[in-house]
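Asks: Provided herewith is a single structure, encoded as structure tokens, for subsequent inquiry.
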Amino acid sequence: MKIFKVINNIVITLDQNNQEIILMGRGLGFKQRPGNNIDENLIEKRFSLSSSDNEESSVSQLLSNISLEYIRVANKILNCAEEIFNTNISDSKIISLSDHIHNALE
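This note's numbering puts the first residue of the sequence shown at 1, with every later residue one more than the last.
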């Protein structure tokens, strides 16, 4: 897997269908550049944007202005919601929730 874009500590790559996938993990984006190979052992989380979430926006566009801290908070919120409601929430929702947190606090 090759790096498509690095945003702070987040790496964006492309799947087989050229859809953007967000990868998070400690040190994953450190000193990395587009085109570098991804150390898959460092990947802790994978997120993708389903077409129903936002057909016209790319993941990198959505995340370009969102702080990594907002993404971490959104991840914690979704994990808590899964535990409380005993359900599975699509990983793609972290992108939407991060964007909402960003807009609410900016």
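Beta carbons: idealized from backbone N, C-alpha and C, even for Gly.
CA-CA distance, Lys76 and Ile3?
Replies: Computed Cα separation, rounded: 25 Å.
Asks: For Ile77 and chain B, any beta-carbon pair shorter than 8 Å?
Replies: Looking at the structure shown, chain B is missing, and only one protein chain is on hand.
Asks: Count the CB pairs spanning the stretch 24 to 40 and the stretch 79 to 93 that are closer than 8 Å, and state whether there are at least three.
Replies: With a cut-off of 8 Å, the stretch 79 to 93 and the stretch 24 to 40 do not count as touching, because too few Cβ pairs lie within range.
Asks: Determine the closest residue to Phe30 out of Ile43, Asn18, Glu20, with distance taken between C-alpha atoms.
Replies: Of the candidates Ile43, Asn18, Glu20, the one whose C-alpha sits nearest the C-alpha of Phe30 is Ile43.
Asks: Would you please state the rounded distance, in angstroms, between the beta carbons of Ala74 and Ser48? I believe it to be under 8 Å.
Replies: No, Ala74 and Ser48 are not in contact; Cβ-Cβ is about 15 Å, not under 8 Å.
Asks: Does the beta-carbon of Thr13 have 16 or more other beta-carbons within 10 angstroms, so that it is buried, or is it exposed?
Replies: Counting Cβ neighbours within 10 Å, Thr13 comes out buried, since at least 16 surround it.
Asks: For the stretch 9 to 94, which segments carrying the beta strand (DSSP E) assignment without a break, of at least 3 residues, lie completely within its bounds, in sequence order?
Replies: List check, beta strand (DSSP E) in window: 10 to 14, 20 to 24, 45 to 48.
Asks: Taking C-alpha atoms, which residue in Glu69, Thr87, Asn88 lies nearest to His102?
Replies: Checking every option, the nearest Cα to that of His102 belongs to Glu69.
Asks: Leaving aside the five residues before and after Met1 along the sequence, list all residues of the same chain whose C-beta is less than 6 Å from its C-beta, in chain order.
Replies: Excluding positions up to five away in sequence, the list reads Thr13, Ile38.
Asks: My output table needs one value for Ile7: the three-state DSSP class, helix, strand or coil.
Replies: Here Ile7 sits in strand by DSSP.
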